[in-house]
Amino acid sequence: MGFSVSSHLQLLLFVLLSSALQTPTFALKKPYIVYLGSHSHGTNPTSADIGSATNSHYSLLGSLLGSTEKAERSIFYSYTRCINGFAALLEEDQVGEIAKHPDVISVFPSKGRKLHTTRSWEFMRLERDGAIPSKSIWNKARYGEDTIIANLDTGVWPESKSFSDEGIGPVPSRWRGICQHNSTDGFRCNRKLIGARYFNQGYAAYAGSLVFNSVRDSEGHGTHTLSTAGGSFVKGAHVFRQGKGTAKGGSPRARVVAYKVCGPPIDGHECFDADILAAYDAAIGDGVDVISMSLGGDPADFFEDGIAIGSFHAVQSGITVVASAGNSGPSPATVSNASPWLITVGASTIDREFTSYVSLGPKMHFKGASLSDKALPEEKFYPIIRAADAKLPGAPDVDADLCKEGTLDPQKAKEKILLCLRGDNARVDKGQNAASAGAVGMVLANDEANGNDITADAHVLPTSHITYEDGQALYAYIKSNKAAMAYITRVKTELGIKPAPFMASFSSRGPNMIEEGILKPDITAPGANIIAAFTKAASPTDQPYDKRRTPFITMSGTSMSCPHVAGVVGLLKTMYPHWSPSAIKSAIMTTARTRDNNNNETMLDASFKRATPFDYGSGHIRPNRAMDPGLIYDLSVDDYVNLLCAEGYNRSQIAVFTNKTYACPEKARVADLNYPSITVPNLGDKGIVVNRWVKNVGPPGTYTSRVRAPVGVSVKVSPAVLTFERAGEEKTFKVVLKPKEPQKPLDYVFGELVWSDGKGHVVRSPITVKHV
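Using mature numbering (1 follows the signal peptide of the UniProt record, and there is no 0), the letters of the sequence shown correspond one by one to residues -27 to -1, 1 to 745.
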């Protein structure tokens, strides 16, 4: 019996559908980094060296893929100058085979990373009332003259006045980099902004296309951070007429370089390890002195972390690397960029606020923060309601309270002030959603986690951002008063705010989950409502609905605190060009303060509770003290390698990593790394002896130890007195820690060790202990 026409059609349709539904036979390729350690050539390789390194990468991968041609098509970065490795598009089964190769240290995905002023330098006492005191580090360090500060970020807006080269001499002859630009965007370098490069292949591997091919900053983040670290003096800087003063970076006479490694967000990530490693490789070869990096991601093993690898090679070349701690606070164990060779920076406040008050009448008002350039008619009160009371039918109360898009009813919100809750969506978007619904103003109330940490944003409508406690009081007032009326005052700048500094709620906290025996963060610095240069390619809210443009803007985050420290590092590098990165780190950490301007012995967190070293590390940076630390805890690259030995990395890994045969000490211990802080995550019943040594970098003197022991712990220092007869002299000492019975510390407890010569040098190290 034959098939009918309809039967033929049904069979054909079945075959087509079956083919379409079958699983594809090809495997998905993803970007990976193959890390091979160090090159045998120096930091300034010849073209032949670079060619040889590139060919070796093609040969290695080609031996596994079947041909060098396939390897050339797969590899999109060869790291050939200082870092040895490559980035390639690989299938999952290929990754496993490559990892078995004896020359390979590690293979790991090109992970995504997130991007983590006029008053802040005065708050840190580098200037006073616009004048620079004779004892300021700015004078002593010649404003960071000719130090080269690199920034790995979203690029730079080169026309900003913060990068003017007026009065600056020729580019230092040791600079070996380039100014990468295309013929259409008008990007130019000068004697201040001496170099610029972009790295986008890792980004393109995720985005599917080259979203950016210029160093020009379309986001504003990179311009802000680079100008904070090394921007020139710019008189009359302000944000919507607030915070007027002279903008400048920490090293205002430094040369600056922009390495663009980040673009618009892809699945919550703006930067990728493949590009970051390429930028490190270039920066080391270009001859920079300091690298500032306001980005990061989830902690990872040292050999599977592009930032850890890149920064190690930089430090190995004498470059100090400063990195943001992350913005995942106040939850514990969230600190990012925790490698011991990095300076990891938390964020805290300064004593300036941009204030806007919420008035409920003559005797009741709440102090808030804002940078809105919009204002209500003078002393005109409007009805104020909880945002959930203006919700659209069917919208969840919780979403309306957060003022999310599509939840607010214009008929209920019109001509009212809405009380919105912080969380989930962007703060400025809440205001836009309120304005779109017809609201005349917004009061933004903190959630409990953010406590007293309020932010001055450039809102599109009159807004005041208030604390959690004030927010609760305002919610209660509205609930008990159905005809509640309110007025939001114009924004004004207030100075001398107390307490300051206190830890920003967003600043990521310790303990360090990669290596619990190393305290992180290392230091805290100004990171809340910081004024610095901005791009003209984006609005102050970075939202398409906002058409405003401003040459300066405030931002908050550890992204802002990181370049403050980088700027100070630039000053120290100018003063002490031969100091190691570890010596500079020690000077910054051991001279930090923990007191605030209310004379609290320990600074507070955003809920005004006592903060700990897991919040602020060694304390708040004091640049003028850092230039004369007295003693330093120094470290060599071999000391860091010994740490890797203590962590259990094998001899072959370490040999490839360092490009030399290295014999690990028989009893390498993390506790003996000569770090400027002491951390014991497992004290044990018998206690522990911690070894340290210090170098005198000041005049001859006798230093006496003083200990504030953690609760439940006995701490003894031997010897208790150190005498130095000359600069450069080194002394060792031991710190013996034992649990006290029955007061064993079941959770982390904190103390400090202080060496003092009685002549102004105070060398302080935090002690962090847990008994397990």
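Glycine is no exception: its CB is placed at the ideal position from the N, C-alpha and C atoms.
Being a predicted model, the structure only gives us computed values, none of them experimental.
Considering only their Cβ atoms, is the gap separating residue j from residue i smaller than 8 Å?
i	j	result
S265	A123	yes
I249	L125	yes
L544	W552	no
G660	P712	yes
A410	D382	yes
R521	A348	no
V188	P237	no
E388	N406	no
G258	N57	no
D2	P82	It should be noted that the sequence gives Lys, not Asp, for residue 2. No, these two residues do not count as a Cβ contact at 8 Å.
A220	T322	no
A273	A178	no
K558	P649	yes
Y253	G299	no
A579	P350	no
V308	G483	yes
Quick one: Cα of residue i to Cα of residue j, how far?
i	j	result
Y31	S480	42 Å
S15	C55	Looking at the sequence itself, residue 15 is Gly, so the reference to Ser does not match. Rounded to whole angstroms, G15 to C55 spans 7 Å at the Cα level.
Y450	P499	34 Å
N485	T317	11 Å
Q516	A431	11 Å
L608	A644	14 Å
E467	N615	50 Å
E714	H744	12 Å
F136	S200	7 Å
K582	K340	20 Å
K208	T436	28 Å
I110	V727	23 Å
R595	A565	5 Å
M(-27)	A44	Residue confidence is low: M(-27) scores 36 on pLDDT, short of 50, so the model does not pin down where it sits. Its coordinate-derived value is still stated next. Each residue's alpha carbon lies about 57 Å from the other.
V653	S329	45 Å
C152	V229	12 Å
N423	Y518	27 Å
D397	L695	54 Å
S532	V538	11 Å
Assuming residue i and residue j are in contact, meaning their beta carbons sit under 8 Å apart, how far apart are those beta carbons, in whole angstroms?
i	j	result
residue 778	I526	The displayed coordinates of the chain run from -27 to 745. Any statement about residue 778 would go beyond what the structure contains.
P313	E192	That pair is no contact at about 31 Å.
A287	A256	7 Å
L604	V736	5 Å
Y589	T497	4 Å
Y460	E326	Their Cβ separation, rounded to whole angstroms, is 19 Å, which puts Y460 and E326 out of contact at 8 Å.
L492	T741	6 Å
A599	V541	6 Å
D138	K165	4 Å
Within 10 angstroms of the Cβ of residue i, are there 16 or more other Cβ atoms? Answer buried if so, exposed if not.
i	result
G168	buried
T127	buried
K336	exposed
V709	exposed
N669	buried
N155	exposed
K465	exposed
T157	exposed
S146	exposed
T380	buried
V212	buried
T(-3)	Summary for T(-3): the model assigns pLDDT 40, below 50, so the residue's position carries little reliability; its value from the coordinates is reported in the next sentence. So T(-3) counts as exposed.
G334	exposed
K732	exposed
S301	buried
H734	buried
G150	buried
D102	exposed
residue 749	Residue 749 is absent from the model: the chain starts at -27 and stops at 745.
Looking at the secondary structure, which residues open and close the alpha helix (DSSP H) in which residue i lies?
i	result
Y441	441 to 453
A281	279 to 289
R400	400 to 409
Determine the extent of the beta strand (DSSP E) in which residue i is found, giving its start and end residues.
i	result
K711	703 to 712
A459	458 to 461
M415	414 to 418
T307	Element bounds for T307: n/a, residue is neither H nor E.
Y721	No beta strand (DSSP E) holds Y721; DSSP gives it neither H nor E.
Using a Cβ cut-off of 8 Å (strictly closer), state whether residue i contacts chain B.
i	result
L62	Given the protein chain composition of this structure (a single chain), no chain B is represented.
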